[in-house]
Amino acid sequence: MVWLLQGSALLLSDISEMETNVKNKEFTNVALIGDGYVGKTCVLNCLQKSNFRNTAPNVYTEMTIEKIVADKKIQFKIIDTAGQEEYDDVRKDVYKKADIFLLCFCVADKVSYENITSKWMGELYQYKNKPIILLGTKVDLRINSSNTSISRDKGIKLQKRIGAKFYIECSSKSGEGISDVMIAATKILLTNQHKKSCIIL
Ligand SMILES: Nc1nc2c(ncn2[C@@H]2O[C@H](COP(=O)(O)OP(=O)(O)OP(=O)(O)O)[C@@H](O)[C@H]2O)c(=O)[nH]1
Ligand SMILES: [Mg+2]
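Every number in the working numbering is 137 more than the matching position in the sequence shown, counting from 1.
And the structure:
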């Protein structure tokens, strides 16, 4: 089987090759960050139950996902935060325990795209060594001819600008791109473990 990660090719064989580097770390914390209403909670629901449900603004939710990669169990804890300013303190606690940031903007909302650099990268500044996956949400709402929609090219440019490991586009409504999120997180985890084991040697 071959999984293709939009923007960067990611093959299942890449993961299998690194399998020997997987240690039984208990949880890898993945924090969902981004403006309110960009669709973070819907992404979480899709990752958990593979379906779309309408959601209300929320403050904090977490859930675990297990992945078996080449007979090894990998456990992710996905932590969903609220985008609104009044929850800044809740988010700061989450930043400390996060291993990977899933930084979200909505491709049909230019302001949420601009806020990646004008707000969120500032918030994450002191954690700049932690890997980021940039996620463009709600692709089903993108209107290609519109000035307010963000193209894939612009997403990739932003990925490079902020130094994110991956750029993924998804829609919780259609399911497009959702499985790529955990593939990218797994790839980052295994690559990090690979680097650590090289340092020990
Ligand atoms: N069309 C479409 N609507 C979506 C999608 N994902 C989420 N929505 C809708 O967008 C709205 C906001 O989604 P949420 O997941 O609650 O957004 P959030 O980022 O968690 O917002 P906060 O909890 O306030 O930070 C809801 O009305 C969802 O139904 C999508 O992929 N496509
Ligand atoms: Mg939410």
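Just so you know, even glycine gets a beta-carbon here, dropped at the ideal spot from N, CA and C. Note that the structure is a prediction, hence the values are computed from the model and not measured.
Item                                                                                                                                                              : Value
So, V244 versus G273, is the Cβ gap smaller than 7 Å?                                                                                                             : yes
The beta strand (DSSP E) spanning N195 covers which residue range?                                                                                                : Looking at the DSSP string, N195 is not in any beta strand (DSSP E), and its letter there is neither H nor E.
Taking buried to mean at least 16 other C-beta atoms within 10 Å of its own C-beta, is Y197 buried or exposed?                                                    : exposed
Could you check the C-alpha separation between K265 and M258 for me, to the nearest Å?                                                                            : 9 Å
With distances taken from CA atoms, which of Y224, C241, S249 and S309 is nearest A301?                                                                           : C241
Return the bridge partner residues of I211 from the DSSP annotation.                                                                                              : K204
Who are the Cβ neighbours of G171 in its own chain at under 7 Å, not counting the five residues just before and after it?                                         : K177, G220, L240, C241, F242, S249 and W257
Any heavy atom of ligand 1 closer than 6 Å to the Cβ of A168?                                                                                                     : no
Please list, in chain order, all residues of the same chain as K291 whose beta carbon is under 8 Å from its beta carbon, the five residues on each side excluded. : Y250
Is C307 helix, strand or coil when you go by DSSP?                                                                                                                : coil
The alpha helix (DSSP H) with L339 in it runs from where to where?                                                                                                : No answer is possible for residue 339: it lies beyond the span of the chain, which begins at 138 and ends at 338.
When DSSP labels each residue in this structure, what does A340 get in the three-state scheme?                                                                    : In this structure the chain extends from 138 to 338, so residue 340 is not present and cannot be described.
Could you compute how far the alpha carbon of T165 sits from the alpha carbon of T285?                                                                            : 35 Å
So, with DSSP's three-state summary, where would you put G259?                                                                                                    : helix
Would P194 be called buried (16 or more neighbouring beta carbons within 10 Å of its own) or exposed?                                                             : exposed
In chain order, what residues of the same chain lie with their CB nearer than 7 Å to the CB of K234, ignoring the 5 residues before and after it?                 : N166
Is K229 close to chain B? Criterion is C-beta to C-beta, closer than 7 Å.                                                                                         : No chain B appears in the structure shown, which is made up of a single protein chain.
For ligand 2, I want to know if N195 counts as a neighbour, meaning its beta carbon is within less than 6 Å of at least one of the ligand's heavy atoms.          : yes
Specify the secondary structure class of I216 as computed by DSSP and reduced to three states.                                                                    : strand
With hydrogens ignored, establish whether the beta-carbon of G176 is closer than 6 Å to any heavy atom of ligand 1.                                               : yes
Determine the DSSP secondary structure at A245, reduced to helix, strand or coil.                                                                                 : coil
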